[in-house]
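Enquirer:
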Amino acid sequence: MVFLGGSRFAAAAERAGVRFAALPAEADWDDRDLDASFPGRADLPPGPSRIAFDVQHVFLDPIPYQHRALLGLLEEFGADVVIADAFVQGALPLALSRPRAERPALIGVGISPSMLPSVDTAPFGPGVPPLPGEEGRARMRELREEADRRGEPLQRYAEKVFSELGVRLPEGPRGRVQVAVPDVFLQLTVPGFEYPRSDAPASYRLIGALPGNVGEDRPLPDWWDEVTDGGRPVVVVTQGTLANDDLGELVAPTVSALADRDVLVVATTARPDGPRALAELLGGSLPGNVRAAGYVPFDRLLPYADVLVSNGGYGGVQTALRYGVPLVVAGASEDKPEVAARVQWAGVGLDLRTGRPAPEAVGRAVEQVLAEGRFRERARALGAEFAEYRPFDTIAELVETLGRSVG
């Protein structure tokens, strides 16, 4: 096995005992700080303009370099199967340029909410859930047609990128190409947390979410007993591991909103200076019912949580659902509006429809989720659904099956 990826993953590959091969510098960007990797991105507000920037510069421009690196690796490493996440589109020309008998099998993996276009869904991005009935389908069609018109320049740009590699993109939206071109496409979720698509290709499969690291080797904070004693509801708030530079977006408003409530607020900041930075935002100290940490493993913390307040990171939200924890979500960047919309659509929480909510809005939402048992009931039902899936077993079986097939 060889892992081809960004240089920041070299140490992780080594720890896992996997050979590492680095992408060339032109495709080696750090997903933890896209603004630093792509000048001009920070000047764009979250929304359509930033999404268009990301599609062109973050995902399309690296394709030739990703593809050449993959071909070079395959020349000296006779792989039977290539597994590529949906954002590494440099693997697609491999399947587009050669018959199956002359190449390894290609497995695509969806690591964000599904971007597969459908007659049943709105275009990906703004977080619009599907509407029922024929009127709903008609509205979805209007939104898709509008998005297609706006996205025409990017579609032409994508066709040019692939044409320069000697391959022609199949007809249709890019989101469908990403799913239909691989021999199999694995979406990392369950049906209860993804919009149904009556026209999905046969290669599209939902296989459950990958479990997180339990993190038993990490020391727990000295206030851990307060989390486990069950004395009062536990509200966990996080902005994830990427969008946490400004804790004033969600963590601080949540802490302020719940300062006088009979709950224990656990702020997981995912940064070593997080507790100090949060205290400074709040005037120098934390409220008495708040405990802050740089990092607490979610797989240790969430079994005790009554609500997760999140900015909509896909992995964190699905981890909460695996433990039956309902959510309040406030996300505005990247794929977070889509995650938030699915939370409300699935009945497992509330979507605040903003990335920087007022404390009052967070407080009302948390109170509602705590008070109305339907959210916890639905979250537990989804937790049971996640438990039915064995994604690692599914992937291993596919690798064995496809690796033995023609190729």
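Numbering of the sequence shown is given in my numbering, commencing with residue 671 and proceeding in unit increments.
Beta carbons: idealized from backbone N, C-alpha and C, even for Gly.
Note that the coordinates shown come from a computational prediction; the quantities given were computed from them, not determined experimentally.
1) Helix, strand or coil, according to DSSP, for T937 in the structure here?
2) What residue ranges within the stretch 993-1077 form continuous beta strand (DSSP E) runs of no fewer than 3 residues, ordered along the chain?
3) I'd like the list of long-range same chain contacts for A792, defined as Cβ closer than 6 angstroms, with 5 residues on each side in sequence excluded.
4) Per DSSP, what kind of secondary structure is I753 in: helix, strand or coil?
5) Suppose contacts are defined by Cβ-Cβ distances below 9 angstroms. Is P1061 in contact with G878 by that definition?
6) Assuming the contact rule is C-beta atoms closer than 8 angstroms, G983 and A1010 should be a hit. Round their C-beta distance to whole Å, please.
7) Under the DSSP definition of a beta bridge, which residues are partnered with L674?
8) Report the rounded CA-to-CA distance for G885 versus W894, giving the unit in angstroms.
9) Let's see if you can read the secondary structure: which residues bound the beta strand (DSSP E) around Y827?
10) Fully enclosed by the stretch 699-775, which beta strand (DSSP E) runs are 3 residues long or longer?
11) On the three-state DSSP scale, how would you describe A681?
12) Reducing DSSP to helix, strand and coil, say where S980 ends up.
13) So, at 7 angstroms on beta carbons, what are the nonlocal neighbours of V1013 in its own chain, with the 5 sequence-adjacent residues on each side left out?
14) Since I believe P861 is in contact with L876 (beta carbons under 8 angstroms), could you give me their beta-carbon distance rounded to a whole number of angstroms?
15) Using the C-alpha atoms, what's the distance from V837 back to G964?
16) Express the C-alpha separation of V847 and E829 in angstroms, rounding to a whole number.
17) Taking all protein chains shown into account, decide if I864 is buried (16 or more other Cβ within 10 angstroms of its Cβ) or exposed.
18) In whole angstroms, what is the alpha-carbon distance linking T859 and F1056?
19) Is the Cβ-Cβ distance between A683 and R689 less than 9 angstroms?
20) Grab me the residues of A775's own chain with a C-beta within less than 6 angstroms of its C-beta, minus the 5 sequence neighbours each way, in chain order.
21) Are T989 and D976 closer than 9 angstroms when you measure CB to CB?
22) With contact counted as at least three CB pairs below 8 angstroms, one residue from each stretch, are the stretch 749-769 and the stretch 719-727 in contact?
23) Which residue from G1025, G994, A765 and L880 puts its Cα closest to that of S1003?
24) Got a sec, what are the start and stop residues for the beta strand (DSSP E) V849 sits in?
25) With 16 other CB atoms within 10 Å as the buried threshold, where does D1005 fall?
26) Based on the DSSP output, what are the partners of V860 in its beta bridges?
27) To the nearest angstrom, how far is it from the Cα of R819 to the Cα of Y827?
28) Going by the beta-carbon positions, is the gap between G1082 and W699 smaller than 9 angstroms?
29) Got a sec, what are the start and stop residues for the alpha helix (DSSP H) L801 sits in?
30) State the Cα-Cα distance for the pair P694 and G994, rounded to the nearest angstrom.
31) Going along the chain, which residues of its own chain have a beta-carbon closer than 7 angstroms to the beta-carbon of L674, five neighbours each way excluded?
32) So, helix, strand or coil for G986, using DSSP?
33) To the nearest angstrom, how far is it from the Cα of A706 to the Cα of E919?
34) The alpha helix (DSSP H) with L876 in it runs from where to where?
35) As a quick exercise: from W1015, R931, L934 and Q909, pick the residue whose alpha carbon is nearest that of A922.
Expert: In terms of the structure at hand:
1) For the purposes of this step, residue 937 is taken as the residue at position 267 of the sequence shown. It should be noted that the sequence gives Ala, not Thr, for residue 937. Here A937 sits in strand by DSSP.
2) 997-999 and 1019-1021
3) Position 122 of the sequence shown, counted from the start, is the residue given in the question as residue 792. Only V798, M810 and L813 meet the Cβ criterion.
4) For the purposes of this step, residue 753 is identified with residue 83 of the sequence shown, where counting begins at 1. Looking at I753 - three-state DSSP - the assignment turns out to be strand.
5) The sequence position of residue 1061 within the sequence shown is 391, counting from 1. The sequence position of residue 878 within the sequence shown is 208, counting from 1. Yes, Cβ-Cβ distance for P1061 and G878 is below 9 angstroms.
6) As a first step, residue 983 is located in the sequence shown; it is residue number 313 there, counting from the start. As a first step, residue 1010 is located in the sequence shown; it is residue number 340 there, counting from the start. Actually they do not touch by this definition, with Cβ atoms about 11 angstroms apart.
7) As a working mapping, residue 674 is identified with position 4 in the sequence shown. The partner list for L674 (beta bridge, DSSP) reads A691.
8) Your numbering for residue 885 matches position 215 in the sequence shown. Your numbering for residue 894 matches position 224 in the sequence shown. At G885, the pLDDT of 49 sits below 50, so the modelled position is not reliable; the number obtained from the coordinates is stated separately. Each residue's alpha carbon lies about 15 angstroms from the other.
9) For this step, residue 827 is matched to residue 157 along the sequence shown. It is not in any beta strand (DSSP E) - Y827 instead sits in the alpha helix (DSSP H) that spans E822 to S833.
10) 751-755
11) By one-based count along the sequence shown, residue 681 stands at place 11. DSSP places A681 in helix when its eight states are reduced to three.
12) Translated into positions along the sequence shown, residue 980 becomes position 310. It is a strand residue.
13) Looking up residue 1013 in the sequence shown gives position 343. Excluding positions up to five away in sequence, the list reads V987, L997, V999, G1019 and D1021.
14) For the purposes of this step, residue 876 is taken as residue 206 along the sequence shown, with counting starting at 1. For the purposes of this step, residue 861 is taken as residue 191 along the sequence shown, with counting starting at 1. The Cβ separation is near 6 angstroms, so the contact holds.
15) Reading the sequence shown from its first residue, position 294 is the one you call residue 964. Reading the sequence shown from its first residue, position 167 is the one you call residue 837. Cα-Cα distance, rounded: 47 angstroms.
16) Position 159 of the sequence shown holds residue 829. Position 177 of the sequence shown holds residue 847. Spanning the two alpha carbons is a distance of roughly 12 angstroms.
17) Working through the sequence shown from its first residue, we reach residue 864 at position 194. A small fix is needed here, since residue 864 is Glu in this sequence, not Ile. Buried.
18) Against the sequence shown, residue 859 aligns to sequence position 189. Against the sequence shown, residue 1056 aligns to sequence position 386. Distance between the alpha carbons of T859 and F1056 is about 8 angstroms.
19) Counted from its first residue, the sequence shown places residue 683 at position 13. Counted from its first residue, the sequence shown places residue 689 at position 19. Yes, they are a contact pair.
20) As a first step, residue 775 is located in the sequence shown; it is residue number 105 there, counting from the start. So the qualifying residues of the chain are V751, D853, L1072 and G1077.
21) One-based indexing of the sequence shown puts residue 989 at position 319. One-based indexing of the sequence shown puts residue 976 at position 306. No, the Cβ-Cβ distance between T989 and D976 is not below 9 angstroms.
22) no
23) Within the sequence shown, the letter at position 333 stands for residue 1003. Comparing Cα-Cα distances from S1003 to each of G1025, G994, A765 and L880, the minimum goes to G1025.
24) As a first step, residue 849 must be located in the sequence shown, where it is residue number 179. Element bounds for V849: not the beta strand (DSSP E) but the alpha helix (DSSP H), R844 to A850.
25) Position 335 of the sequence shown, counted from the first residue, corresponds to residue 1005. With 16 or more Cβ atoms within 10 Å of its Cβ, D1005 is classed as buried.
26) Residue mapping note: residue 860 aligns to position 190 of the sequence shown, counting from 1. DSSP output for V860 lists no bridge partner at all.
27) Here residue 819 corresponds to residue number 149 of the sequence shown, with the count starting at 1. Here residue 827 corresponds to residue number 157 of the sequence shown, with the count starting at 1. Taking the straight line joining both Cα atoms gives about 14 angstroms.
28) The displayed coordinates of the chain run from 671 to 1077. Any statement about residue 1082 would go beyond what the structure contains.
29) Position 131 of the sequence shown, counted from the start, is the residue given in the question as residue 801. Per DSSP, L801 belongs to no alpha helix (DSSP H) and is neither H nor E.
30) What you label residue 694 is simply residue 24 of the sequence shown in a count that begins at 1. What you label residue 994 is simply residue 324 of the sequence shown in a count that begins at 1. P694 and G994: Cα-Cα distance of roughly 41 angstroms.
31) By one-based count along the sequence shown, residue 674 stands at place 4. Hits under 7 angstroms: A691, L693, A739, L740 and L743.
32) On the sequence shown, position 316 is the one that residue 986 refers to. Looking at G986 - three-state DSSP - the assignment turns out to be helix.
33) As a position in the sequence shown, residue 706 is number 36, starting the count at 1. As a position in the sequence shown, residue 919 is number 249, starting the count at 1. So the alpha carbons of these two residues sit roughly 20 angstroms apart.
34) Taking the first residue of the sequence shown as 1, we reach residue 876 at position 206. Not the alpha helix (DSSP H): L876 falls in the beta strand (DSSP E), residues Y874 to L876.
35) Residue 922 sits at position 252 when you count from the first residue of the sequence shown. Closest option to A922, Cα to Cα, is Q909.
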